[in-house]
Amino acid sequence: MSFRLSSSARQFGDRVRRWLAEELDPAWQQRYQPSTPEWIEFQRDWDRALYRAGWGAIFWPSEFGGLDATAEERVVFAKVMAEAGAPEGLGKLAKRLLAPVLIHHGDAAQRERYLPPILRGEMVWAQGFSEPEAGSDLASLRTTGTVDGDQLVLSGHKIWTSHAWYCDAIFALVRTARLQRKQAGISFVLVPADAPGVSISKIQQIDGRAELSEVFFDDVRIPIGNVVGALGDGWRIAKTLLRYERGAEMAFVRSAEIRHSVRELTADLSASRVNIDDRVRQGLGRLEAAYLAAELNSLRLLGSQADGDPPGDLSAVVKLQQSEEWRRGTVDGLHLLGGGALSRGHRHFGRYFHARPATIASGSSEIQREIIAHRLLGLPAGTRAGTT
Numbered sequence: 001m002s003f004r005l006s007s008s009a010r011q012f013g014d015r016v017r018r019w020l021a022e023e024l025d026p027a028w029q030q031r032y033q034p035s036t037p038e039w040i041e042f043q044r045d046w047d048r049a050l051y052r053a054g055w056g057a058i059f060w061p062s063e064f065g066g067l068d069a070t071a072e073e074r075v076v077f078a079k080v081m082a083e084a085g086a087p088e089g090l091g092k093l094a095k096r097l098l099a100p101v102l103i104h105h106g107d108a109a110q111r112e113r114y115l116p117p118i119l120r121g122e123m124v125w126a127q128g129f130s131e132p133e134a135g136s137d138l139a140s141l142r143t144t145g146t147v148d149g150d151q152l153v154l155s156g157h158k159i160w161t162s163h164a165w166y167c168d169a170i171f172a173l174v175r176t177a178r179l180q181r182k183q184a185g186i187s188f189v190l191v192p193a194d195a196p197g198v199s200i201s202k203i204q205q206i207d208g209r210a211e212l213s214e215v216f217f218d219d220v221r222i223p224i225g226n227v228v229g230a231l232g233d234g235w236r237i238a239k240t241l242l243r244y245e246r247g248a249e250m251a252f253v254r255s256a257e258i259r260h261s262v263r264e265l266t267a268d269l270s271a272s273r274v275n276i277d278d279r280v281r282q283g284l285g286r287l288e289a290a291y292l293a294a295e296l297n298s299l300r301l302l303g304s305q306a307d308g309d310p311p312g313d314l315s316a317v318v319k320l321q322q323s324e325e326w327r328r329g330t331v332d333g334l335h336l337l338g339g340g341a342l343s344r345g346h347r348h349f350g351r352y353f354h355a356r357p358a359t360i361a362s363g364s365s366e367i368q369r370e371i372i373a374h375r376l377l378g379l380p381a382g383t384r385a386g387t388t
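full-length UniProt numbering puts the sequence shown at residues 1 to 388.
Structure, rendered in structure tokens:
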């Protein structure tokens, strides 16, 4: 596929930009502090606005309320939204990750029950994957699901869970059997947040916010009908979900984050008393080159998805390059701006703070390197530098 977008995709992007110009308050980020009640309500309103405009879930099949958008249109939509600084809404996890799982692996009852409220922005979901001893090594999870008649009894502990303290439900991985391969015996389940035995505690972050939570399951009973796919098939389903999480749409969002960092850093340097010498110009040039590389890698990934296939192993290359460049760029920015940028209120410090977890979320950089080494380069699994 050519790296150049088609004329129809560019026209689609223009439609989205016109809608944003009418609907989006450009000062919303200054008006609402993350995770406050006002911010949460604003994000809910944004989900509803997307639904009213027909943008609720453009990449879903039309039979479920989507637009059957092409790969190009999906990416253009994500890119235009990211470049405009538009809110993502509270439904992003459910729309981008859970919905494809339900469409491809869920049964008719699950799709009928959950897809409409997700589309309308009426149901907020959290992702219950990471655990205290199962972060990057997700297959080591210990939360259990024990079959008891027509119910599954959940016991365990999830951590670093976004949206949890104000969500309506959680999609989670639990261990329903202990087999020789740790990836086997894992099931994908849907858990109402208000089910008896579910407790959620906010995690206070270093920047003073509480965007993440711990989730505890204390003998939580859910119907067997809340298992997506077959019991023990959760690892295969989760791999599908993670490929979508690392797909071209998110690649363009990450490249837009790098671009925002470069633009804001340039503006901050111009407004400061920093001497714009060769060192500073070279630093800005390197960041601009990183953005262009991120954009081209996003286009490579888009090309691989153009025929409707899920994102493949190339997504590991793109995710690794983009998240590491974003992290490195924010560190370079702190060096260029000096000590004043280290204050909590400085916007570049905020970008630095959020760029570091990006190298861990959706699969850490170490995991991406393992995927590249094993699946793309053909090296033995577990091969690391310095070993033979």
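By construction, the Cβ of each residue, glycine as well, lies at the ideal position given by its N, Cα and C atoms.
Reduced DSSP secondary structure (H/G/I, E/B, other) of residue i
i, result
"Thr70", "coil"
"Ile206", "coil"
"Ile258", "helix"
"Val274", "coil"
"Glu214", "strand"
"Ser201", "strand"
"Thr146", "strand"
"Asp233", "strand"
"Ser155", "strand"
"Gln127", "strand"
"Ile58", "coil"
"Arg4", "coil"
"Leu379", "coil"
"Ala195", "coil"
"Ala341", "helix"
"Arg263", "helix"
"Asp219", "strand"
"Ala238", "helix"
Start-to-end residues for the alpha helix (DSSP H) that takes in residue i
i, result
"Glu112", "108-120"
"His163", "Where His163 is concerned, there is no enclosing alpha helix (DSSP H), given that its DSSP letter is neither H nor E."
"Ser7", "7-23"
"Ala84", "It is not in any alpha helix (DSSP H) - Ala84 carries neither H nor E in the DSSP assignment."
"Leu320", "314-337"
"Asp45", "37-53"
"Ile103", "99-105"
"Arg369", "365-371"
"Tyr352", "347-358"
"Gln29", "28-31"
Distance, residue j Cα to residue i Cα
i, j, result
"Ala289", "Val215", "41 Å"
"Asp194", "Gly89", "22 Å"
"Glu83", "Leu190", "33 Å"
"Ile237", "His105", "7 Å"
"Gly291", "Ala251", "A small fix is needed here, since residue 291 is Tyr in this sequence, not Gly. Cα-Cα distance, rounded: 11 Å."
"Leu301", "Val318", "7 Å"
"Glu72", "Gly56", "17 Å"
"Arg15", "Met81", "12 Å"
"Arg181", "Leu241", "20 Å"
"Asp313", "Gln321", "13 Å"
"Ile372", "Ser187", "26 Å"
"residue 389", "Gly121", "Because the chain in this structure spans residues 1 to 388, residue 389 falls outside the shown range and cannot be described."
"Gln204", "Glu211", "8 Å"
"Gly378", "Gln183", "21 Å"
"Ser6", "Ala293", "21 Å"
"Ala21", "Gly145", "48 Å"
"His374", "Pro380", "6 Å"
"residue 390", "Glu366", "For the chain, the structure presents residues 1 to 388; residue 390 sits outside this window and is missing."
"Glu38", "Arg31", "9 Å"
"Leu115", "Leu67", "14 Å"
"Glu133", "Leu141", "7 Å"
"Val253", "Leu376", "24 Å"
CB-CB length for residue i against residue j, believed under 8 Å
i, j, result
"Ser213", "Thr161", "5 Å"
"Ala358", "Ser315", "Between Ser315 and Ala358 the Cβ distance is about 15 Å, and since that is not below 8 Å, they are no contact."
"Leu102", "Arg111", "5 Å"
"Lys79", "Ala361", "The pair is not a contact, with the Cβ atoms about 20 Å apart (cut-off 8 Å)."
Sub-7 Å separation of residue i and residue j beta-carbons
i, j, result
"Ile170", "Gly234", "no"
"Asp47", "Gly91", "yes"
"Val220", "Gly197", "yes"
"residue 401", "Leu154", "No statement about residue 401 is possible, as the shown extent of the chain runs from 1 to 388 and does not include it."
"Ser261", "Arg356", "no"
"Phe353", "Leu342", "no"
"Leu336", "Gly283", "yes"
"Ala86", "Leu24", "yes"
"Ala164", "Ile200", "yes"
"Leu299", "Ile224", "no"
"Trp60", "Leu93", "no"
"Gly329", "Leu287", "yes"
"Trp326", "Ile276", "no"
"Val76", "Gly13", "yes"
"Ala177", "Gly232", "yes"
Check: residue i C-beta below 6 Å from any heavy atom of the ligand GTP
i, result
"Glu72", "Among the ligands in the structure shown, none appear at all, so the ligand GTP cannot be discussed."
Residue span of the beta strand (DSSP E) that contains residue i, given as start and end
i, result
"Arg175", "169-175"
"Pro192", "186-192"
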